[in-house]
Structure formats: structure tokens, C-alpha cells
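Undergrad: The following block contains the structure, expressed as C-alpha cells.
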Amino acid sequence: MDSTSFSPPIFELLSLLIVYCFWRIIAKSINKREKNTAPEPSGAWPLIGHLPLLNGQEPICKILGALADKYGPIYSLRLGKHPILIVSSWEIVKDCFTTNDRILATRAKIVAGKLMGYDNAIFALAPYGPYWRDIRKIATTELLSSHRLELLKHVRYSEVDTFIKDLYSLCSENAFNPAKVVISKLIEQLTFNISLKLIAGKRFSAKDYEEQGSEAWRINRAIKEATHLFGVFILGDAIPWLEWIDFQGHVGSMKSTAKEIDDVIGNWLKERLQNKLQGEGHNGKGDLIDVLLSKLQEDAVMGGHTRDTVVKATALILILTGSESTYLGIIWTMSLLLNHPKELKKAQEELDVHVGRDRWEFGKPWKIVKLVVIMSRKARV
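With the UniProt record's numbering, the residue at position 75 of the sequence shown is 75, and numbering never jumps.
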């Protein structure tokens, strides 16, 4: 027998020994990883992960709440290839956004950000890195700073004053023939006009919003559609190599909505650049587009994005987040208080005590008291 050959029993023994060693190494690695990771519910499917778990009849918030009751205040899910951390404890949330802020700061790339967000140029969806830090710094120090908001406070005052006058005129016109006033639509137009005036120096009347094909009608409709599309599920977000499948039709809607938004905001930018060439600019003292143009050079490139792209993307995200959420918050607050007359009466009494009925000027300390009183009553309801 050749001395280099192995007998079957010895070969099998060595094979078992090698398999056992590999198993021990893998088991130790898995155990070590499991000790440092949040618990994960069972039932994940290959490729798509826990997506079927979230596709039930109940609202997602209730599904996640039930999982939190079972697995604790922190657990993980897999949505396609993306790991998701679900947190329902304020102590852990605080730790996520302080100690581990840098680890959790980046965002997964989504189809909506690519198609409607100027290839993730909007800073709310941009991945963590130099571009995100630079544009966030500009937004916090130049666009949303206390000084800038104070400088543009007259816009808010003017729009609220116009809103009250329009509401009064509607009531006085129908004094002898009462008609319903859709207050939600008026508040929606108020918040949208404030956002547009602060960001692009634009405002539209109620008739402008109703006229199909007008600039006001187009941008309002496109922003609503974009807000909806940013929240829908796209198969390509979970499984990137299936992005080309658009059986829901959302990708096509995103492309058409993105074109509509870019046409309108692009025209605003062209008007502003033309005014600047004619010496009619505000040199950074006007609206937010003017501020961005004063801070960014014409040939500036940030994160691979041109100046014009950065300006349009920043304007878009500020309009998206500045109007819809405010409008919905006001409507929900009014609805809750009107449906709970006792709480409404208590809120009015607290305002009478802390503020009085003769103070209408903005910019005073009691405006904070007004906000706290109303929001506290909303929270109690």
C-alpha cells in the first residue's frame, strides 16, 4: 500500500474533525454576533426578509407595537437587503441620536430619492458624508437660523393677516345666506404660501390654486403627489436588482412628478438668475433661494451635484417638509379641540389668563405661551 494514501476510517475521522472545527468557529461567530445585535423576529423570507410580515390588514404601527410587546423596546427587521432597527424607548432613542448618531446618520438609497430627489441631492435623503455635512451646515446656519427667520418674519405676519381678512370676507359675504367654508383648504393654502414666499418669494391666491394648468395648481398638485410617493413601497428599495419591475406604476408616477416639479422650480431659478444679472438680486438678504445663490459660486460642485441642482433640491425638500406637516398639524389640533369642547374651553381660559384678548402682535414672549397652551391641550386630548 502507498504510504501517502489514507485508509477510509482515518479519512472519515479527519473529515469529521475538520467539519467540527468549522462548525465551532461559525457557532462562536454567530453567538458573538447575536450578543451584540437586537433580537429579530422569526419568519423572514429569503431575499425579501420580513416584508410579508408588514403586509397585513392592520396598520404598520400596530404590527410594530405588537412586535415590541413581544421582543422588547429594541429589535431588528430585514426589509429586503436592508436591516431596520425598531426602537420604542425614549432612552434608547436618545442613545441612538447622541452616542451613536454618526453610525445611524446615513440613509439607505431609495428609488424616490433618485428619481424625485435629484439623485439624493436633497439633504434629508443624502448619505452621510461631506456633502450632507456641508449642505446641512448651510441649512441650519443660513436658511433656518434664528436670525434668518427673524429677518423674514414679516412674511408670516403678512400671510396670516391676509388669511384672516379672506376668512372674514367669506363670512361677511354669506351673512344672509350662510355657506360652508372649507377651512382645511384655506389653511393648506396659507401654509403653502408661507413656505413658497420664504423659499422662492412666490405666493398665489385661492383662484390661482383652483385654475387648472396654472403654476400654482401645478406645483401644489406635484408637491402633494411627491409627498405621497415618498411614502409608498417600491420593490426596488428592498431588492435593488428588481428596480426595473414597476408593476405598481409608482416609478412612472415618480418620473412624471419629478419632471413637473423640476419645470416649476427650474423656472423660478431661471427668473432669479436673470434678475441677478440685471442687478435686481437681494445679495443674500431675500428669500432662501437668494441665500443659496449668494453662498454658492456658479461653477460650484457639491457631492457631484451642480449649483443649480443643489438649489433646486434644497428648495424642494424645504417645501415638502415645511408646508404639508404644518398644515396637517394645525388641522388635527383644530379637529381635536373642536371635538372636545371642554378642552377647547379650558384652552381659551388659559389663553385669557396668560395672554389676554388684546394682544395680537407677533414676536412677543406670549406667543410661546400661546403655542405651549394649545399644544399641551392637544397632547392631553
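No residue lacks a Cβ here, since even glycine has one placed at the ideal position from N, Cα and C.
Have a look at E271 and L288 and give me their C-alpha separation to the nearest angstrom.
TA: Going by the C-alpha atoms only, they are around 14 Å apart.
Undergrad: According to DSSP, is V157 part of a helix, a strand, or is it coil?
TA: Checking the sequence, you will find Tyr at residue 157 rather than Val. DSSP places Y157 in helix when its eight states are reduced to three.
Undergrad: Figure out for me which residue from H82, A347, A315, P39 has the closest Cα to the Cα of A238.
TA: Closest option to A238, Cα to Cα, is H82.
Undergrad: Which first and last residues belong to the beta strand (DSSP E) in which R78 is found?
TA: Element bounds for R78: 74–79.
Undergrad: Below 8 Å between beta carbons: does that hold for E150 and K295?
TA: Going by C-beta atoms, E150 is not nearer than 8 Å to K295.
Undergrad: I need the straight-line Cα distance from I60 to I92, nearest angstrom please.
TA: Using only the alpha carbons, I get a separation of about 21 Å.
Undergrad: Assuming the contact rule is C-beta atoms closer than 8 Å, L242 and G236 should be a hit. Round their C-beta distance to whole Å, please.
TA: The pair is a contact, with the Cβ atoms about 6 Å apart (cut-off 8 Å).
Undergrad: Assess contact between the region 214–234 and the region 253–262, defined as three or more Cβ pairs (one per stretch) separated by less than 8 Å. Is contact present?
TA: Flag = yes, the region 214–234 and the region 253–262 touch.
Undergrad: Leaving out five residues on either side along the sequence, give the residues of the same chain with a beta carbon under 7 Å from the beta carbon of A108.
TA: Closer than 7 Å at the Cβ level, and outside the excluded window around A108, lie H82.
Undergrad: Below 8 Å, how does it come out for the region 299–311 and the region 150–162: are there three or more Cβ pairs, yes or no?
TA: Result no; under three Cβ-Cβ pairs closer than 8 Å.
Undergrad: Please classify H354 as buried or exposed, where buried requires at least 16 other C-beta atoms within 10 Å of its C-beta.
TA: Looking at its Cβ environment, which holds fewer than 16 other Cβ atoms inside 10 Å, H354 is exposed.
Undergrad: What do you get for R78, buried or exposed, if any count of 16 or more other CB atoms within 10 angstroms of its CB means buried?
TA: The residue in question, R78, is buried, as its Cβ has 16 or more Cβ neighbours within 10 Å.
Undergrad: Just mark G322 as buried or exposed, buried being the case when its beta carbon has 16 or more other beta carbons within 10 Å.
TA: Looking at its Cβ environment, which holds 16 or more other Cβ atoms inside 10 Å, G322 is buried.
Undergrad: How should C171 be labelled, buried or exposed, when 16 other C-beta atoms within 10 angstroms of its C-beta is the threshold for buried?
TA: C171 is exposed by the Cβ-count criterion.
Undergrad: Just to confirm my understanding: we take A222, look at its own chain, exclude 5 residues before and 5 after, and list those with CB closer than 8 Å. What are they?
TA: So the list reads T257, E260, I261, V264, once near-sequence residues are dropped.
Undergrad: Specify the secondary structure class of W132 as computed by DSSP and reduced to three states.
TA: In this structure, W132 counts as helix in the three-state DSSP scheme.
Undergrad: Between R203, K62, K180, D134, which has its C-alpha nearest V160's C-alpha?
TA: Residue R203 is the option with its Cα nearest to V160.
Undergrad: Per the DSSP calculation, H82 is bridged to which residue(s)?
TA: L79.
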